[in-house]
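Going by the working numbering, 701 is the number at position 320 of the sequence shown; the sequence numbering is gapless.
Each residue gets a CB set at the ideal place from its N, CA and C atoms; glycine is no exception.
This structure is a prediction, so every number in the text was calculated from the model and none was measured.
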Amino acid sequence: PLPGGDNVGGGAGNNNRARNNNNQNPLINVRDRLFHALFFKAALAYAHTFPRPVRRLLEFVVLLKAITAFFVLAYIHVAFSRSPTNCLEHIKDDWPRQGILRVEILRNGADDYNIEKSYAKEEKLRHENTGDLSSMLGILSRDGITNISEGGGTTFFLLYLERMLFMVSVVPVWPEEVYIVEYSLEYGFLRLSPGTRQKLNIPVKIVTLDASKDSCFGDAFSRLILDGFLGYDDLLMASIKTLAEQEDNKGYLRNVVTGEHYRFVSMWMARTSYLAAFFIMLVFTVSVSMLLRYSHHQIFIFIVDLLQMLEFNITITFPAAPLLTVILALVGMEAIMSEFFNDTTTAFYIILIVWIADQYDAVCCHTAITKRHWLRFFYLYHFSFYAYHYRFNGQYSGLALVTSWLFIQ
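What follows is the structure in structure tokens.
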């Protein structure tokens, strides 16, 4: 026998098996070659358009943004998260346990500011928002956009706009600079209107905070970050949480600005919570990635069938059932993730980041270095966000998500 004959036969068998797999999945082979060609075309265009110093500058700017965001997150965490917020320390003994505590952030507020003026501000903002939409609806009717039926009847479009007007009047859109929250040990009190509260003699205590004067907002740099980037929602919730920790019934919080309701519960977050965060990250990431890849495969198959139909004049069927299944599954995943993050926007951005990372892995990961290290660093940076969010109950999770995304870039 020839030396190495067994190895030659084994190599031929491996080649035959690989060839058979390619023959069984010709579309996957075509898709991989397409992604490979797109990667080289984009890389050559990027290299020809930008010289080496410009490329290094762009990559350094992206890295510098990530490092800056990380240090800002670390500073905010040390300044506010590690130490309890004492903005409401002066009322911890005399706030109404059988009523409602209303906290509002004002800038240079007057000394005679009371609960009636706060309610008037809330009602004024609601009416201003409704008035803007009413004027928009009047402009559409005046210009003849909605008056398209005979006899001056109300069209379907007009009915739709009126319904949207009603919905927005119920859930108003508030300006970003208004920060008002209400806290009570009884959930039903927070759902009562101001008039009903007055009829039932429910005590309401209002506390105003000045972000430019009160020391609990930190130094000048902390106030700049809070005012320009993060907002005061997390700080207000942390201030209320210090009061809730002293009560047996932790109570409920209502964000007057957004209309969201929260319930304070006792949770002990040990260091073992990182294991739970890692498991949840794996489940969410793998599930979303599988659904997105399946939808991409179905769309690619449909495009190939469409091209064959145009070339060979054959009939095709649209893959409605698989795509509808994927869409419903993604909607369900977003709902589950929204319950975990307590925020629909965060869940959407997580799905978007996973989609972009999955596309990068499919199109751009062709070299040995990227294949070896890309997924490891992606999961590392992605897990850092999950760990921070799960360990600190979602406080400043928006900044943590931005930091994680910048490092992934």
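Under the three-state reduction of DSSP output, L590 falls in the strand class. Here the C-alpha atom of Y500 lies approximately 36 Å from the C-alpha atom of R772.
Between A738 and F764, the CB-CB gap reaches or exceeds 7 Å. One Cα belongs to A450, the other to L611, and the distance between them is close to 12 Å. Contact between T698 and M690 is absent: CB atoms are separated by about 10 Å, not below the 8 Å threshold. Judged by DSSP secondary structure, H677 falls within the alpha helix (DSSP H) whose first and last residues are S654 to F693.
With 16 or more other Cβ atoms from the protein chains shown falling within 10 Å of its own Cβ, G632 counts as buried.
For a cut-off of 8 Å, the C-beta gap from G480 to K586 is around 7 Å, short enough to register as a contact.
Judged by DSSP secondary structure, Y560 falls outside any beta strand (DSSP E); it is assigned neither H nor E. The bridge partners DSSP lists for V638 come to none.
Residue range I481 to L487 is occupied by the beta strand (DSSP E) that includes R483. Here the C-alpha atom of Q627 lies approximately 20 Å from the C-alpha atom of L571.
Residue environment: F788 is assigned as buried (16 or more neighbouring CB atoms within 10 Å of its CB, all protein chains considered).
Between the stretch 733 to 751 and the stretch 699 to 715, the count of Cβ pairs shorter than 8 Å is below three; the stretches do not touch.
With respect to the 7 Å criterion, Y762 and S785 are classified as neighbours on the basis of their beta carbons. Look at the beta carbons and you see the stretch 577 to 585 not touching the stretch 654 to 670: under three pairs across the two are nearer than 8 Å.
S620 is positioned such that its CB atom lies closer than 7 Å to that of T466. For Q740, the enclosing alpha helix (DSSP H) covers residues T725 to V744. Proximity to T653 across Y769, R414 and A447 peaks at Y769, based on C-alpha coordinates. Annotation: D614 to K580 spans about 30 Å, alpha carbon to alpha carbon. Here the alpha carbons of T666 and W476 stand approximately 44 Å from one another. Shown here, V435 sits in a helix according to DSSP, grouped into three states.
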